[in-house]
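Residue numbers (our numbering), protein chains in the order written: chain A, 2 to 214; chain B, 2 to 214. Here a beta-carbon is modelled for each residue, glycine too, at the ideal position from N, C-alpha and C.
There are 2 protein chains.
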Amino acid sequence: MKTDSRLVLALDETNGEKALKVAESVSDMVDAIKINWPLVLSEGPQMITKLSEFSEVICDFKVADIPNTVKLIVENAVSRGASAVIVHAFTGDDSLRAAVEAAGDAEIFAVTEMSHPGAKMFTAQHAEEMARLGVECGAKGFIAPATRPDRIAAIRSVVGDLKILSPGVGAQGGKASDAIKAGATYAIVGRAIYGAEDPRAAAKIFLDDIKSI
Amino acid sequence: MKTDSRLVLALDETNGEKALKVAESVSDMVDAIKINWPLVLSEGPQMITKLSEFSEVICDFKVADIPNTVKLIVENAVSRGASAVIVHAFTGDDSLRAAVEAAGDAEIFAVTEMSHPGAKMFTAQHAEEMARLGVECGAKGFIAPATRPDRIAAIRSVVGDLKILSPGVGAQGGKASDAIKAGATYAIVGRAIYGAEDPRAAAKIFLDDIKSI
């Protein structure tokens, strides 16, 4: 995945027509578009291919299954045009390796911690350990919340020069430039762009913030 | 979900035509058919609706996301005809409650532990704790491996009279009657039925084993 604008659009829109319209309008401004299951469930898996005509596509499927199922999910997403697939690290080394192997030239990004309150209950305490495992297993990137630059820095210290993608910029309160200064490779912005009346103008604000560093 | 045969088919077939054929052939022999993302990715989300014409459908989506995304995934699956959706418990109370609320009259089943070797790394030690949380949050069932009847019994002691679904029967070595004797409500069989030359004859063997208790 290229690192030109360092901006990734989280296209959490479930209407296919609207999603494609937003994707087309900002495709030259973002390095990738990230989609999740709700769009696949509402509009079908062919959305991956359609969106890949505008931009690189990250399938944020938070895959968390046994190795063979992980393999089938990643293979299908990549065959439909995904450049990267996001998987959970908590399922352990065999599931992670299955993802990396199935991805081929595409990239696997690993979730080592999440930003919602419930995430603190069981896995937050394993975040660094999971990041180390992700490095060992061949993940090419990691997810760390833009709302917590200290966590981005902590994960950066573990993953060397691999990618870090930071969601939570914009509507959730994170600042793109802060995330990147803390060590993120990409700032991920959702609603503040796809929900804007003028998505290009909205994206421009985030790009300017990133360029201001 | 009814509890007549106590047999659930894990339809891990990614060819839609074959999947529907197997579903039709054994629909009167199983209490439900469980599907996973690979079938949705290969044949589209309309498979949920098509299969629900033959049997109750459990969407084994192992949902592991923030509450709002969990809500969107569960709502869509249920609106397409799913009777139940499987979610991970490790994402914590808010994500679990979001699933239960979004499910309405459909059921949420929670994964508290998995059977592949990598699962031991981060979450296995939290299994009982996650099961207790699932009960509190309104999950109607839990997943426990048929290959380890001691784990079924441990989860049974936590979840009272809620449902327990046990995968790993058949090809993976678990025995349906052993799982049910240990406390499982349903034995889940995959390949040994859908991969058989005669799926009805294969299902009959498991039904006979269950009836032998």
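Considering only beta carbons, the part of the stretch 122–146 of chain A lying closer than 8 Å to chain B consists of Met122, Phe123, Thr124, His127, Glu130, Met131 and Leu134, in chain order. For histidine 89(B), DSSP records a beta bridge to Val112(B). When DSSP states are grouped into helix, strand and coil, glycine 105(B) belongs to the coil group.
For a Cβ distance threshold of 8 Å, residue set His117, Pro118, Gly119, Ala120, Lys121, Met122 and Phe123 of chain A lies close to glycine 93(B), ordered along the chain. Counted as a single uninterrupted DSSP element, the stretch harbouring lysine 176(A) is not any beta strand (DSSP E), since DSSP gives it neither H nor E. Segment contact: the stretch 148–163 of chain B against the stretch 193–213 of chain B, fewer than three CB-CB distances shorter than 8 Å; contact not assigned. Lysine 176(A) has its alpha-carbon roughly 32 Å from the corresponding atom of isoleucine 74(A). With contacts defined as CB atoms closer than 7 Å, aspartate 13(B) and glycine 161(B) fail to qualify as a contacting pair. Under the 8 Å Cβ criterion, the stretch 101–108 of chain A does not count as touching the stretch 59–75 of chain B, having fewer than three qualifying pairs. For isoleucine 194(A), the uninterrupted alpha helix (DSSP H) segment begins and ends at 192–195.
DSSP, read as helix, strand or coil, puts phenylalanine 123(B) in coil. Burial is judged here by how many other beta carbons sit within 10 angstroms of a residue's own beta carbon; lysine 63(A) has at least 16 and is buried. For the 7 Å CB-CB criterion, glutamate 108(B) and lysine 141(B) form a contact.
With contacts defined by Cβ atoms closer than 7 Å, leucine 166(B) and tyrosine 195(B) do not form a contacting pair. CA-CA distance, leucine 52(B) to lysine 182(A), rounds to 50 Å. Listed by position along chain A, the residues whose Cβ is nearer than 9 Å to that of isoleucine 74(B) are Asn37, Trp38, Pro39 and Leu42. Residue pairing by DSSP places phenylalanine 143(A) opposite Ala111(A) and Ile165(A) in a beta bridge. Note that the C-beta distance between aspartate 32(B) and valine 58(B) is not below 7 Å. Within the same chain, and ignoring the five residues on either side of valine 79(B) in sequence, the residues whose Cβ sits closer than 8 Å to its Cβ are Val86, Ala103, Ala104, Gly105 and Ala107. When C-beta distances to chain B are compared with 7 Å, the residues of the stretch 52–77 of chain A below that value are Lys63, Ala65, Asp66, Ile67, Pro68, Thr70, Leu73, Ile74 and Asn77, in chain order. Relative to threonine 4(B), the option among Val23(B), Leu134(B), Met30(B) and His127(B) whose CA is nearest is Met30(B).
Setting aside the 5 residues that flank it on each side, arginine 7(A) is surrounded in the same chain by Asp32, Ile181, Thr186, Tyr187, Ala188 and Ile211, each with a C-beta closer than 7 Å to its C-beta; the list follows chain order. Asparagine 37(B) and serine 28(A) have their C-alpha atoms roughly 32 Å apart. With contacts defined as CB atoms closer than 7 Å, valine 159(B) and arginine 133(B) qualify as a contacting pair. Rounded to the nearest angstrom, the Cβ distance from histidine 127(B) to phenylalanine 91(B) is 7 Å, consistent with a contact under 8 Å. Under DSSP, the beta-bridge partners assigned to valine 9(A) are Ala33(A) and Ile189(A). Taking the Cβ atoms as the reference, phenylalanine 123(A) lies roughly 13 Å from methionine 122(B), outside the contact range of under 8 Å. Listed along chain A, no residue sits closer than 7 Å to proline 200(B) by beta-carbon distance, the nearest being about 20 Å off. At least 7 Å separates the beta-carbon of aspartate 95(A) from that of glycine 174(B). Here the C-alpha atom of serine 178(A) lies approximately 14 Å from the C-alpha atom of aspartate 151(A). In the three-state DSSP reduction, aspartate 61(A) falls in the strand class (E or B).
For lysine 212(A), the uninterrupted alpha helix (DSSP H) segment begins and ends at 200–212. Proximity to threonine 148(A) across Glu137(A), Gly135(A), Lys164(A) and Gly171(A) peaks at Gly171(A), based on C-alpha coordinates. Taking each of Lys164(A), Phe55(A) and Ala145(A) in turn and checking the Cα distance to alanine 83(A), the smallest one comes out for Phe55(A). The alpha carbon of alanine 24(B) has as its nearest neighbour, out of Cys138(B), Ile49(B) and Gly169(B), the alpha carbon of Ile49(B). For glycine 45(B), the nearest CB of chain A lies under 7 Å from its own CB, placing it at the interface with that chain.
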